[in-house]
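Q: Just so we're aligned: 5 in the UniProt record's numbering is position 5 of the sequence shown, and the numbers increase by one with no gaps anywhere. Here a beta-carbon is modelled for each residue, glycine too, at the ideal position from N, C-alpha and C. The structure's right below; bear with me while I get my questions together.
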Amino acid sequence: MKYWHIFLAFFIPGILGYGGGPASIPLVENEVVERYEWMNVQEFSEMLALANSLPGPIATKMAGYIGYDEGGILGAIIGVFAAVAPSLIIMILLLGFLFKYKDSSRVKRLTQYVRPVIAILLGVMAWQFFAESSEGIGIWQTALITISSYLLIERMKVHPAFVIGAALVYGGLFLG
């Protein structure tokens with residue numbers, strides 16, 4: 001029954017939390033603190049702060065941590081699966097629909113219209129990251145990291161994971 005509760009504690013917010021992980025945080029808190037009483041508000045806020053400090057989607061980090069805390073490794077696996085299951089189910093259904101109509105001129109036109117929008121959204125996000133970084137560490141440090149990353153990834157073909165690791169080390173040594 002414990003594993004079923006872990007599943008429900010993250011599956012239900014995944015269905016109802018329109019807007020992704022941040023929108024589901026209050027729903028997860030309700031399940032974890034109020035319904036199942038696995039944590040108190042202070043413990044939940046500390047776990048949330050820890051989860052926010054790590055890379056990746058917030059919902060899966062919360063699910064993994066709480067699932068592990070309540071049910072060990074199997075609890076963590078069930079929690080993470082429950083957190084991604086609603087999106088996974090919807091994607092499978094939509095991909096089946098899209099695959100069925102992939103040769104349709106309307107679907108092809110749709111993908112042509114969506115690509116520029118995605119490019120603009122990614123560009124705006126990159127600009128916001130650049131602006132925030134410039135305010136936080138200064139324009140020269142930001143420019144150095146940006147240009148170095150570009151050269152390493154695009155010109156020298158270094159794997160992005162190594163560039164990210166190097167940026168973390170640089171930040172820890174020189175910007176901390």
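1) Shortest alpha-carbon distance to Ile-12 belongs to which of Trp-38, Ile-73, Glu-31 and Leu-168?
2) What residues in its chain sit with their C-beta under 7 angstroms from that of Asn-52, if we drop five residues either side in the sequence?
3) What whole-angstrom Cβ distance do Gly-71 and Tyr-3 have, given they're in contact under 8 angstroms?
4) Buried or exposed, going by whether 16 or more other CB atoms sit within 10 Å of the CB of Glu-34?
5) Can you name the start and end residues of the alpha helix (DSSP H) that Asn-52 belongs to?
6) Between which two residues does the alpha helix (DSSP H) containing Met-91 stretch?
7) In the structure shown, what three-state DSSP assignment does Glu-37 receive?
8) By the three-class DSSP mapping on this structure, what secondary structure does Met-125 have?
9) Please report the residue range of the alpha helix (DSSP H) in which Ile-163 lies.
10) Tell me the DSSP secondary structure of Ser-104 in three-state form.
11) State the CB to CB distance for the pair Met-62 and Val-41, rounded to an integer number of angstroms; the pair is presumed to be in contact (CB under 8 angstroms).
12) Which residue comes first and which comes last in the alpha helix (DSSP H) that contains Gly-14?
13) With 16 as the cutoff for other CB atoms within 10 Å, does Ile-66 come out buried or exposed?
A: Based on what the coordinates show:
1) Among Trp-38, Ile-73, Glu-31 and Leu-168, the Cα nearest to that of Ile-12 is on Glu-31.
2) Ile-58
3) Here Gly-71 really is in contact with Tyr-3; their C-beta atoms are around 6 angstroms apart, less than 8 angstroms.
4) Answer is exposed; the Cβ neighbour count stays below 16.
5) 41–53
6) 58–100
7) coil
8) helix
9) A small fix is needed here, since residue 163 is Val in this sequence, not Ile. Looking at the DSSP string, the run of the alpha helix (DSSP H) that includes Val-163 is 160–170.
10) coil
11) So it is not a contact: roughly 14 angstroms between Cβ atoms.
12) 2–16
13) Buried, since its Cβ has 16 or more Cβ neighbours within 10 Å.
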